[in-house]
Amino acid sequence: MPELPEVETVRRGLEDHLDGARIADVELRRKDLRFPLPRDMRARLCGRRVLGVDRRAKYLLVRLSDGLTLLAHLGMSGSFTLLQADEDCEQGPHDHVVLHLEDERRVIYTDPRRFGIMDLLRTGRESRHKLLGHLGPEPLDDGWDAAALCDALRGRRTSIKAALLDQETVVGVGNIYACEALFQARISPRRMAASVAGRHGTTLRARRLVSAVKSVLAEAIRAGGSTLRDFRSLEGELGYFANSFQVYDQEDASCVRQGCDGRVRRIVQSGRSTFYCSGCQG
DNA sequence: AGCTCGACCTGCACGC
DNA sequence: TGCGTGCAGGTCGAGC
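First residue of the first sequence? That's 810 in this note's numbering, and the numbers climb one at a time after it.
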C-alpha cells in the first residue's frame, strides 16, 4: 500500500529501530523480485552496519557502513516486518528476503506480487542509478512550489491526473493521493495538464494543487506516524487504516464538501481508477 | 518527444 | 463449493 506517506512511515520505523544494527546474515529465498537481486547481495550485506534510512520518492535507501546503500521499493504489495530476538513467526510464502541482525532480531521483506525492487549501490551515486536518475522533485520540499509545478506541466497534453502520477512531474504521489489532492484543489482529473499551468507565471489552480498535494501527503504521514507505536507498523498497514479518503474508493458516496450535492464518480484514466466529485471538481 | 497501454504477479471480492 | 472475471497502492518499456 505504498505511496509516499506509507514509504515515509516505513522509513521512520526502520530508522528508529535499526539504527546502528549490524547485519549478521541474509537469507535470499528468491533470486528475483521485479528484477533479479544482485548476485552478491548476501556477501555485500553481511557485516555491514545500518547508519540511517533515507527516502527518495517511493524508494527506501538504507545507508550502510563502507559506503554501501541498500535500495528498496515496495511495489504495490511490499512490506517490512521486524521480529524481536525472542519472537517467532511462521514463514510466509512471500517472505523473500530476511536480514538477520547481530542481536538476533530479523527484518523480513514480504511482497506477494513481487513488483518490489531491491538493489545495491554506492552511497552518493544515487543520481546515476537507472531507477533514481530521472525522478522529479520531492513534493514536501520547500523548493517545490506552484512555479515548479507549472514549469513541469506547461505544454503537456495529457490529463492533470496522469501528469501527477508521472514521477518526473513530482515524486511520491500515487493513485490514491492524486485523487485526494485533485479533490481538495477542486480540479477535474480530466483537465489538460497544460491548462493547469497557464501560459506564464503561476495560476490559482496550480497554487491550490501544490498546496493540496503537500497537505494531503503531510496529513497522511501524520496519520501513519500517529499509529506507529510498535514494530508492527513496519508493515505499513496500521497507518493506512487511519486514513479516511474523501473520494478514493468512495464511488457513489455523497460529496463531503459542504454545499456540494454531487456524488463521487469512478472513471478510468490511463488504465487506472480515478475517483472524483462531478459536482465540485468541474 | 510524448503519450497510452501492456506487462509483471498474487490475492481477493464478486457473480453465476 | 467452484470457477471465471475484474480489480488492487507502481512503473518500466514497447509501440504508436
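Using N, Cα and C, we set each Cβ at its ideal position, and we do this for glycine too.
Find the nearest neighbour of residue i within the set the options, judged by alpha-carbon distance.
i       : options                           : result
Ala830  : Glu1060, Ser874, Pro814           : Ser874
Cys1086 : Leu1013, Cys988, Arg1031, Asp960  : Cys988
Glu896  : Asp904, Arg864, Glu913            : Glu913
Val1005 : Ala956, Glu1028, Gly983           : Ala956
Leu846  : Ser1063, Thr978, Ser1079, His905  : His905
Leu973  : Ser1079, Val907, Cys1089          : Ser1079
Ala1003 : Val916, Gly856, Lys970, Ile832    : Lys970
Val1025 : Pro998, Leu854, Asp834, Ser1053   : Ser1053
Cys1069 : Phe889, Gly1091, Leu910           : Gly1091
Asp954  : Thr1011, Arg839, Thr890, Arg1066  : Thr1011
Tyr986  : Leu910, Arg872, Ala1027, Asp1061  : Ala1027
Ala1015 : Pro998, Ala994, Asp825, Ile1030   : Ala994
Phe924  : Asp1061, Cys1064, Pro811, Arg1072 : Pro811
Would you decide whether residue i is buried or exposed? Buried here means 16 or more other CB atoms lie within 10 Å of its CB.
i       : result
Glu815  : buried
Cys898  : exposed
Asp928  : buried
Arg922  : exposed
Val1077 : exposed
Asp920  : buried
Ala961  : buried
Gln1059 : buried
Leu1013 : exposed
Lys867  : buried
Leu1037 : With a pLDDT of only 42 at Leu1037, under 50, the local geometry of the prediction cannot be trusted, and no value is derived from it.
Pro902  : exposed
His882  : buried
Gly876  : exposed
Gly822  : buried
Val979  : buried
Gln893  : exposed
Any idea which residues DSSP pairs residue i with across the strands?
i      : result
Leu910 : Ile832
Arg915 : Leu892, His909
Asp897 : Answer is none; Asp897 lacks a bridge partner.
Ser968 : Met1001
Asp904 : Thr919
If contacts are defined as beta-carbon pairs under 8 Å, then residue i and residue j qualify, I think. What distance do you get, rounded to the angstrom?
i       : j      : result
Glu947  : Gly981 : 7 Å
Leu842  : Ile926 : 6 Å
Gly1007 : Cys959 : 7 Å
Leu837  : Met850 : 6 Å
Leu930  : His938 : 5 Å
Glu817  : Arg864 : 6 Å
Arg1000 : Ser968 : 7 Å
Val916  : Leu891 : 6 Å
Flag residue i as yes when its Cβ comes closer than 6 Å to any non-hydrogen atom of the ligand GTP, and as no otherwise.
i       : result
Val1073 : In the structure on display, the ligand GTP does not appear, and there are no ligands present to speak of.
Any chance you could list the alpha helix (DSSP H) runs of at least 4 consecutive residues sitting entirely within the region 825 to 893, in chain order? 850 to 854
Return the chain-ordered ranges of every alpha helix (DSSP H) run that is complete within the region 1055 to 1087 and spans a minimum of 4 residues. none
Enumerate, from N- to C-terminal direction, the unbroken alpha helix (DSSP H) stretches of 4 or more residues contained entirely within the region 920 to 957. none
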